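Q: Please find one structure pasted underneath; my questions will follow.
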RNA sequence: GGGCCAUUAGCUCAGGUGGUUAGAGCGCACGCCUGAUAAGCGUGAGGUCCGAGGUUCAACUCCUCGAUGGCCCA
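Below is the structure:
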């Protein structure tokens, strides 16, 4: 377990080729062992050379992981039931496109929470999946084969076409799998589910049959954008490409209401449309239920009234219409609903269903037209939906080529768009035309041939999701969404407006819809729920090469005599199903349920966690929920009213380019993930994607930000390991019983361990709550700010020794900090943390240890080294150190103001702390030496009110005063701020102090104000909020001498380095200069010699004759230094 | 046309339940260190908090309307 040689494949030899590494060894050993070389009892911590790129390091880790088959091990962890399960479902990507940088985000999000849960002691099943059917695949193949639309495909041959599709799906599989491995997405890619495979399809057939038998799968109509030239429907993204601004007719017609009360005044209703050709198929009029409609009568002619929305009267009747028209009635839209009218054109006979009726619909707009909308259910989605709701008659007098029937009067045989002028003419003749003009608006055209598209009702198969929409909404409320508003808003709103799901496609490459119907009477229908059922129905074995895809499944061999009428033949309907149904069925189809693995699905349904992009809201998030809810108790743990198929969803947004532009092929701003890996590595990329901003806001992919953020952070982490820890520990420290207990270590160590414990807890809580950004930021900030900027900087010299308790404490502390930090960062940066953790612990992969030290879950093997110590934060110590650090910062600023280098010692610092509690105050005293050393002052004092240096000022607390004074708060605050120092001193002693504002008297409480101590006098003061640091800038001769001595040491050290001396070389030093310099050198001779390893120091007034003389400037003084190696 | 999100320093982002002088990192300027050096550290300058109204003693924060960008849907 602790063999230090185990697999540490990275750069064991020192990169600096035996230079400093070796000599430091001399030096250090000389210091601790009086010059005797001590045998190295343990192989060293591997070095992490700075010139080893992140990419190279990660590639080496990948090789090691491959050797260890670590992914398999991770997947198997706890599979024997020894751990509780935490199930992840993978939303399947299509592999017929190159993986892009946005996939790296998706993979990172999926991976990191799973990785975290493994470390938390769970078994995390996560089967990869591939989405292999559907239109994108077909389009890809169409393009490759240069086929033109459906006719082209059929001419080419469906068998061969589908074969091409099947191959096309795997075009980039190899690259996908390489990238997935490269970014450390640990998932079961060896046993993926593939939606085109027979087992998968059979499970879907089972699901579709289950829905069919429940009456939830039916044939109906769907309005689709349709190109009459190409003879095909267009998908939404195709339509989006073809919008153009056009001028269309804008026609108002006035239709007579049917007079249900017998003869009387003629009442007319004003209707607006931009598609006169659809008036032929008019079935209803729609009004908004809450809108006010006026019924007006012309003052000059009393024989009829006109109804329209009041808010539209100005626009339609003209400004000042009230002078020309009398308002006879006002109706709410809801009151008009149900009234009948006469349609404008009667060329088509109504089939069954309501017609010529006014209905109330929410979608009616009060912003244009007359507030009354004409409804033609075959030619508009809103119209169609309204038609369904009100069972309106369905007229579709336009054929698939976009033409009216030849026998129709006036417009017979005309293309639909060409009928508009003829119809307007006809309306005029019939005296229903009110007004005809034109309007400019966006209209879709076929992107291939520029034909205006037709919203056209097509036959389609539906899942009756409206029958169980309430159940879906109820299940959704139990889902925990990140961010929550996506669940309640985007997805919740969508569910509220849920309509039946059109699941069929008139295409070729997809799961065939398993419905067979009789060619003599199509109401004789059945669904086939398994291949076995098919075999029995058809009366023949499947055969070894059975393929349920088109065209095979539509061949004669899979048809049979209708068992109902015995006349017709049962044949499969021609449609395939929506690829979203494929992916939405994965919760059970990935395991070939219910034909196999019933126990498994029983255990692993529903999922604990899924994660996808926002674009999946209407996609996979919906299809998973819709299928599972529809199936109900046909799935385990899934009766009506139970949970959603997923318990927690993390939704991430898109990745855009550095300027916030969407990435696209046409813009040429797509980012190649491989180049990013090469330049920055997966760790930095993952860390950037997670930490730079919350993942649910669109992310601008900016490599500069990676470099300056995530990469810089990882370099700091590497340096802490290599430069602060390993290079010194390698001289002979390793964790042992000789290390002092944490409670016996210096306060600085206790502090950093306390911070570590707090950060550990924070990261754990954040990840538990699915806040990866919060977790990553907390750990990064700790490493950067607390460990690098403060702990290591202050503790540095303690690593130059090995044996003292002080040094052992420092090593043990830093070792603990680094080891635990690796664990906390492992979900984000899995490569470097694993490398480092193995070195630190003697071989344990970071991915198999507990995420936090006091984890309560069932015990698993983990390193005991350095771990298991107290992991509880000490808030008082944290607060005290924060205060010391704030004072140090203020003190440094004061020194800058005073223009005195930190190297120059000063006598005194006087400071005032902020409001901290008694426990923290007690802890400040022992930390004062840190402050003194940091600011290089001899004495640190804390000022009291009695000090002459200090004056008191009051700062009003508006929050407290506001409650008492209300409107007069500003006056009260001014009165408080004006209180004099004496009054405030009295207040501090507990004497009552009153403020009087506008006759209202109030006795101040401690909450009402904060007392600020201000410095005055000759000191240089820096104030930071309510704390301040005042420094005595006086440089006495003695202090000056000390400062000069420090300067001399600093210059000498630099000189040693420039001269090429090894750090352990002894020297003879000669110093010359003015009396101030020589005097200082004399006074501090001993100390200087110790610092620069000088055997002797010669101090003279001048040394013109010496060789190697260097002149140095010490502020306003000039001195000369000469050194030679003492051999 | 509808829904959701975003808009705070040059860049990336923080800013419970409204409360005094709006914070951090990077970048920039200046400086320190030279035994983490293809590193490390400090100090400082940067903001009409997208705009307009409103509520309130008090608005980055709450409300209304609008602008810009993004996604989804019609």
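In my numbering, the protein residues as written are 5 to 1131.
All C-beta atoms, glycine included, are put in the ideal place defined by N, C-alpha and C.
Bear in mind the structure is a predicted one, so any value in this text is a computation, not a measurement.
Does residue 353 pass the burial test, meaning 16 or more other C-beta atoms within 10 Å, or should it be called exposed?
A: By the 10 Å Cβ count, residue 353 comes out exposed.
Q: Are the CB atoms of residue 345 and residue 261 within a distance shorter than 7 Å?
A: In contact: residue 261 and residue 345 (Cβ atoms closer than 7 Å).
Q: Mind the definition here: the segment 676-688 touches the segment 697-712 only if three or more C-beta pairs lie below 8 Å; say whether that holds.
A: The answer is yes - the segment 697-712 touches the segment 676-688, with three or more Cβ pairs under 8 Å.
Q: Using beta-carbon positions only, say whether residue 329 and residue 300 come within less than 7 Å of one another.
A: Contact: yes.
Q: Using a Cβ-Cβ cutoff of less than 8 Å, which residues in the same chain neighbour residue 236 once the five nearest sequence positions on both sides are dropped?
A: Once the five neighbours on either side are set aside, the close Cβ partners of residue 236 are 153, 154, 230, 510.
Q: Can you tell which of 254, 1074, 297, 288 has its C-alpha closest to the C-alpha of residue 279?
A: Checked all of 254, 1074, 297, 288; the closest Cα to residue 279 is 254.
Q: Is the closest heavy atom of the ligand HEM to the C-beta of residue 990 under 6 Å?
A: The ligand HEM is absent from the structure shown, which contains no ligands of any kind.
Q: Closest to residue 929 by C-alpha separation, out of 884, 845, 161, would be which residue?
A: Among 884, 845, 161, the Cα nearest to that of residue 929 is on 884.
Q: Is the number of C-beta pairs between the segment 764-779 and the segment 725-742 that are closer than 8 Å three or more?
A: Not touching, per the Cβ criterion.
Q: What are the uninterrupted segments assigned as alpha helix (DSSP H) that are 4 or more residues long and contained completely in the segment 678-765, given in chain order?
A: The segment 678-765 contains these whole alpha helix (DSSP H) runs: 716-723.
Q: Once DSSP output is grouped into helix, strand and coil, what is the label at residue 550?
A: DSSP places residue 550 in coil when its eight states are reduced to three.
Q: Let's see if you can read the secondary structure: which residues bound the alpha helix (DSSP H) around residue 189?
A: Note, residue 189: premise wrong, no alpha helix (DSSP H); not H, not E.
Q: Per DSSP, what kind of secondary structure is residue 1125 in: helix, strand or coil?
A: Residue state, collapsed to three classes: strand.
Q: Give the straight-line distance between the Cα atoms of residue 1131 and residue 804, rounded to the nearest whole angstrom.
A: Answer to the nearest angstrom: the Cα atoms are 24 Å apart.
Q: Would you be able to state if there are at least three C-beta pairs under 8 Å between the segment 611-626 and the segment 565-577?
A: Verdict: no, contact absent.
Q: Determine the burial state of residue 998: buried for a count of at least 16 other Cβ atoms within 10 Å of its Cβ, exposed for fewer.
A: It counts as exposed.
Q: Straight-line CA distance for residue 545 to residue 635?
A: If you take the alpha carbons of residue 545 and residue 635, they lie about 29 Å apart.
Q: Rounded to whole angstroms, how far is the Cβ of residue 1073 from the Cβ of residue 1056, which I believe are closer than 8 Å?
A: Yes, they are in contact, since the Cβ atoms of residue 1073 and residue 1056 sit about 6 Å apart, within 8 Å.
Q: Going by the beta-carbon positions, is the gap between residue 830 and residue 837 smaller than 7 Å?
A: It is a contact, given that the beta carbons lie within the stated cut-off.
Q: Secondary structure at residue 177, three-state DSSP: helix, strand or coil?
A: Reduced to three states, the DSSP call for residue 177 is helix.
Q: Who are the near neighbours of residue 1070 in its chain, counting only those whose CB is closer than 8 Å to its CB and skipping five residues on each side?
A: These residues qualify, in order along the chain: 1097, 1098, 1099, 1129, 1130.
Q: Following the continuous alpha helix (DSSP H) through residue 106, name the residue where it begins and the one where it ends.
A: From DSSP, the alpha helix (DSSP H) with residue 106 extends over 105-123.
Q: Could you check if residue 632 is buried or exposed, using at least 16 other CB atoms within 10 Å of its CB as the buried criterion?
A: Counting Cβ neighbours within 10 Å, residue 632 comes out buried, since at least 16 surround it.
Q: Quick check on the DSSP output: the beta strand (DSSP E) that includes residue 612 runs from which residue to which?
A: Element bounds for residue 612: 611-617.
Q: Counting only the same chain and skipping the five closest in sequence on each side, list residues whose C-beta sits under 6 Å from that of residue 771.
A: Excluding residues within five positions, the ones whose Cβ falls inside 6 Å are 120, 779.
Q: Closest to residue 962 by CA distance: which of 944, 797, 981 is it?
A: Per the Cα distances, 981.
Q: From this set, 190, 150, 533, which residue's C-alpha is nearest residue 217's C-alpha?
A: Of the listed residues, the one whose Cα sits closest to residue 217 is 533.
Q: Any contact between the segment 586-603 and the segment 471-478? By contact I mean 3 or more CB pairs, one from each, below 8 Å.
A: Taking 8 Å as the limit for Cβ pairs, the verdict is that the segment 471-478 does not touch the segment 586-603.
Q: Is it buried or exposed for residue 495, if we count other Cβ within 10 angstroms and need 16 for buried?
A: By the 10 Å Cβ count, residue 495 comes out buried.
Q: Restricting to Cα atoms, I'd like to know which of 170, 103, 907, 769 is closest to residue 936.
A: The shortest C-alpha separation from residue 936 is found at 907.
Q: Starting from residue 516, follow its DSSP beta bridges and name the residues at the other end.
A: Looking at the DSSP assignment, residue 516 forms a beta bridge with 580.
Q: For residue 333, is the classification buried or exposed, using 16 other Cβ atoms within 10 angstroms of its Cβ as the cut-off for buried?
A: It counts as exposed.
Q: Helix or strand or just coil, what does DSSP make of residue 532?
A: Three-state DSSP puts residue 532 in coil, outside helix and strand.
Q: Below 8 Å, can you find three or more Cβ-Cβ pairs linking the segment 364-380 to the segment 334-343?
A: Result yes; three or more Cβ-Cβ pairs closer than 8 Å.
Q: Under the assumption that residue 975 contacts residue 939 (Cβ atoms under 8 Å), give the Cβ distance between them as a whole number of angstroms.
A: With a Cβ gap of about 42 Å, residue 975 and residue 939 do not count as contacting.
Q: In whole angstroms, what is the alpha-carbon distance linking residue 148 and residue 142?
A: The alpha-carbon atoms of residue 148 and residue 142 are separated by roughly 10 Å.
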